[in-house]
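Asker:
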Amino acid sequence: MNKYLRLTVPALLAASQLALADDVWITTDAEGLNAIQRHFPELVDQNAVRAFTSNGISALKVSEEQVPAISEMMHHELNRCGGFIAHESQESAQGAALFDSLIAPALAVQPPDYSIDNGEVVNAMQGKVKETDIRSTIQSLANFTNRYYTASGGLQGAQWIKNKWQSLAGSRSDITVEFFNHSWQQPSVIMTIQGKSKPNEIVILGGHQDSIAGFNTGENTRAPGADDDASGIATLTSVITAAMETGYKPDRTVMFMGYAAEEVGLRGSQDIAQSFRNQGKDVVGVLQLDMTNYKGSSGDIYIMEDYTNSAQNQFLADLVSAYQPSVTLGYSECGYGCSDHASWNNQGYAASFPFESTFNGSNPYIHSANDTIDKSGGNADHAVNFGKLAAAYVAELAKGDFTDDPGPDPDPGDEVTENFEGDVNRGVNDQLGPFKVESGTEFSAVMTGTNDADLYVRVGAAPTTSQYDCRPYKNGSSETCNLTVPPGEDEVYVMVRGYSWSSSHYNLEVTYTQIK
Numbered sequence: 017m018n019k020y021l022r023l024t025v026p027a028l029l030a031a032s033q034l035a036l037a038d039d040v041w042i043t044t045d046a047e048g049l050n051a052i053q054r055h056f057p058e059l060v061d062q063n064a065v066r067a068f069t070s071n072g073i074s075a076l077k078v079s080e081e082q083v084p085a086i087s088e089m090m091h092h093e094l095n096r097c098g099g100f101i102a103h104e105s106q107e108s109a110q111g112a113a114l115f116d117s118l119i120a121p122a123l124a125v126q127p128p129d130y131s132i133d134n135g136e137v138v139n140a141m142q143g144k145v146k147e148t149d150i151r152s153t154i155q156s157l158a159n160f161t162n163r164y165y166t167a168s169g170g171l172q173g174a175q176w177i178k179n180k181w182q183s184l185a186g187s188r189s190d191i192t193v194e195f196f197n198h199s200w201q202q203p204s205v206i207m208t209i210q211g212k213s214k215p216n217e218i219v220i221l222g223g224h225q226d227s228i229a230g231f232n233t234g235e236n237t238r239a240p241g242a243d244d245d246a247s248g249i250a251t252l253t254s255v256i257t258a259a260m261e262t263g264y265k266p267d268r269t270v271m272f273m274g275y276a277a278e279e280v281g282l283r284g285s286q287d288i289a290q291s292f293r294n295q296g297k298d299v300v301g302v303l304q305l306d307m308t309n310y311k312g313s314s315g316d317i318y319i320m321e322d323y324t325n326s327a328q329n330q331f332l333a334d335l336v337s338a339y340q341p342s343v344t345l346g347y348s349e350c351g352y353g354c355s356d357h358a359s360w361n362n363q364g365y366a367a368s369f370p371f372e373s374t375f376n377g378s379n380p381y382i383h384s385a386n387d388t389i390d391k392s393g394g395n396a397d398h399a400v401n402f403g404k405l406a407a408a409y410v411a412e413l414a415k416g417d418f419t420d421d422p423g424p425d426p427d428p429g430d431e432v433t434e435n436f437e438g439d440v441n442r443g444v445n446d447q448l449g450p451f452k453v454e455s456g457t458e459f460s461a462v463m464t465g466t467n468d469a470d471l472y473v474r475v476g477a478a479p480t481t482s483q484y485d486c487r488p489y490k491n492g493s494s495e496t497c498n499l500t501v502p503p504g505e506d507e508v509y510v511m512v513r514g515y516s517w518s519s520s521h522y523n524l525e526v527t528y529t530q531i532k
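Taking this note's numbering, I'd label the letters of the sequence shown as residues 17 to 532.
#1: What is the residue span of the alpha helix (DSSP H) that Ile73 lies within?
#2: What did DSSP end up calling Ser342 once you bin it into helix, strand or coil?
#3: Out of Ile191, Arg487 and His198, state which residue places its alpha-carbon closest to the alpha-carbon of Ile209.
#4: Quick one: what does DSSP say Leu282 is sitting in, helix, strand or coil?
#5: On the DSSP letters alone, give me the boundaries of the alpha helix (DSSP H) that Phe402 sits inside.
#6: Per DSSP, which one or two residues make a beta bridge with Tyr515?
#7: Take Ala109 as the anchor and find which of Asp45, Ser348 and Val432 has the nearest alpha-carbon.
#8: If contacts are defined as beta-carbon pairs under 8 angstroms, then Val336 and Ile220 qualify, I think. What distance do you get, rounded to the angstrom?
#9: So Thr496 is in the beta strand (DSSP E); what residue range does that whole segment cover?
#10: Is it a yes or a no for the stretch 153-165 touching the stretch 134-142, going by three-plus beta-carbon pairs under 8 angstroms?
#11: Taking Cβ to Cβ, would you say Ser204 is nearer than 9 angstroms to Gly263?
#12: CA-CA distance, Ser516 and Asn467?
#13: Quick check on Pro450: does DSSP put it in helix, strand or coil?
#14: For Asn498, which residues from the same chain have a beta carbon less than 6 angstroms from its beta carbon, with the 5 sequence-adjacent residues on both sides left out?
#15: Take the Cβ of Arg163 as the centre, count every other Cβ of all protein chains shown within 10 Å, and call the residue buried at 16 or more, exposed below.
#16: Return the Cβ separation of Gly449 and Val508 in integer angstroms, given the expectation that the two are a contact with Cβ distance under 8 angstroms.
#17: Looking at chain C, is there any beta carbon in it that lies within less than 9 angstroms of the beta carbon of Gly351?
#18: Cα separation between Asp9 and Gly476?
#19: Indicate whether Ala276 and Gln225 have their beta-carbon atoms separated by less than 9 angstroms.
#20: Out of curiosity, what's the CA-to-CA distance linking Ile132 and Ser105?
#21: Helix, strand or coil for Lys265, going by three-state DSSP, please let me know.
#22: Work out the CA separation of Pro240 and His383 for me, nearest whole Å.
#23: Please report the distance separating the alpha-carbon of Ala367 from that of Val526.
#24: According to DSSP, is Ala140 helix, strand or coil?
#25: With 16 as the cutoff for other CB atoms within 10 Å, does Thr481 come out buried or exposed?
#26: Going by DSSP, which residues form a beta bridge with Ile209?
#27: On the CB-based measure, 16 or more other CB atoms within 10 Å of its CB, does Tyr489 come out buried or exposed?
#28: Threshold first: 3 residues or longer. Then list the beta strand (DSSP E) segments lying entirely within the stretch 323-386, N to C.
#29: Assuming contact is defined by CB atoms lying nearer than 9 angstroms, are Met320 and Pro370 in contact in what I supplied?
#30: Could you give the first and the last residue of the continuous beta strand (DSSP E) run that contains Trp585?
#31: Can you tell me which of Leu413, Ala406, Cys350 and Gly393 puts its alpha carbon nearest to the alpha carbon of Glu47?
#32: Suppose the cutoff is 7 angstroms on Cβ atoms and the five residues either side in sequence are ignored; what does the same chain contact list for Lys452 look like?
#33: Excluding the five sequence neighbours on either side, which residues of its own chain have a C-beta within less than 6 angstroms of the C-beta of Tyr339, listed in chain order?
#34: Where does Phe418 sit, in a helix, a strand or coil, going by DSSP?
#35: Could you give the distance in angstroms between the alpha-carbon of Thr388 and the alpha-carbon of Ser355?
Printed below as a string of structure tokens:
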């Protein structure tokens, strides 16, 4: 979480006087700006002309080296986990200030029907959320020296999460687990469960994987981050486990995200949320799990009311009432940029942030070597409440059941259009099909996307790089295959293969006449 110890004045001044080698622009609210002005006067003076403020959100330039010191100051003085959002350019920061204040609410997607009618699935999944699983994951992540975004432990932690999620997914063909790479060493991790009937509508659950211990976190600095935020990743992992053990198949696409670099300005989640907005992705809702295992207040779950979506917050409260009646619910606020939900809120998506306590009652040991599970009693009992809430959120917002049935099939002989999307790294193949087609009819596959992915189509068998019936050979990811299905053939297969070194995202529309 983006939060705060008292730093000595010499330490703060030393951090503020570092050379502006790699510039970073940050945005913060009025309270955050006042704190920066008090502790970093030289920094604010040199930005006096360039500072930009819109409706209480200010943008100013700092160096890459100053970001951890600002984060730590926010944590100690304002009790914030973060308190600012980092940007790679002045234009991005100033645009975010305007976007956050004026545009984001207008761009919010049409709210879904927050119905609560999938009790069989909710109850089955909640029954699989186990304290022992959450505790084990917390301990595994806390065993890394630290998971700082530029340290080797940050990369190793991300690899551990990816491997864990892949092992849980097993051989399910509707699931992918991938890295989302950034401009720093630690990648974010994304698991995608493809929706059966509404694959283009996306439900996201996230938490951050990085940890920090003060402004000088280095390769050998101990930052176990058991609560902040191994607990959130562990809670997500327990929901993934529940989904796999029950055979849950969502109607909407569900994505679980382990964000990189949250502690230094929500940088990982901001990259992803901005990418999703630029691609026009239909994100129905976002749930953030950041610190779930320290019971610092009398209630069990506290919903943050600022920089979140009020309608979805009410949906969470209704879920607790329906499925966790013994859980006590409260409300609190955490300020600007306090966790990754803010990245999605700033892009106009409905985001909610249920938290372990009131914000003032949150874990006092975070951002230090003392953030260990013993501070939560050596167990993950408190986090179970959040795992069960997250399971209910998935099952009721993404809907779905335990079958592969996507709903009523179209009448035989009707033209069918199916849409798919995914991400492929270089040399990685996504195989789709077989599509059951009427011989003698037209088959069309139209792909768009980012970077460079290649489209292959083959009749009668899955295509390979050397065996196919259509391969457009175009630069980029915009490719089309149109072919007539030969007499006697009734199956067509499609393959999307990554070509560029960075991950390529694709959207694929397949149109064909279903076999009679």
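C-beta atoms are modelled at their ideal positions from N, C-alpha and C, and glycine is treated no differently.
Answerer: On the basis of the data shown:
#1: Unbroken run through Ile73 is the beta strand (DSSP E), Ile73 to Ser79; no alpha helix (DSSP H).
#2: coil
#3: Ile191
#4: coil
#5: Asp397 to Leu413
#6: The partner list for Tyr515 (beta bridge, DSSP) is empty, contrary to what the question assumes.
#7: Asp45
#8: That pair is no contact at about 20 angstroms.
#9: Glu495 to Thr500
#10: no
#11: no
#12: 6 angstroms
#13: strand
#14: Ser460
#15: buried
#16: 6 angstroms
#17: The displayed structure is made up of one protein chain only, and chain C is not part of it.
#18: Past the boundaries of the shown model lies residue 9; the chain is included only from 17 to 532, so the question cannot be answered.
#19: yes
#20: 43 angstroms
#21: strand
#22: 9 angstroms
#23: 32 angstroms
#24: helix
#25: exposed
#26: Ile191 and Val270
#27: exposed
#28: 345-348
#29: yes
#30: With the chain covering only 17 through 532, there is no way to say anything about residue 585.
#31: Cys350
#32: Asp506, Glu507, Gln530 and Ile531
#33: Val138 and Ala408
#34: coil
#35: 20 angstroms
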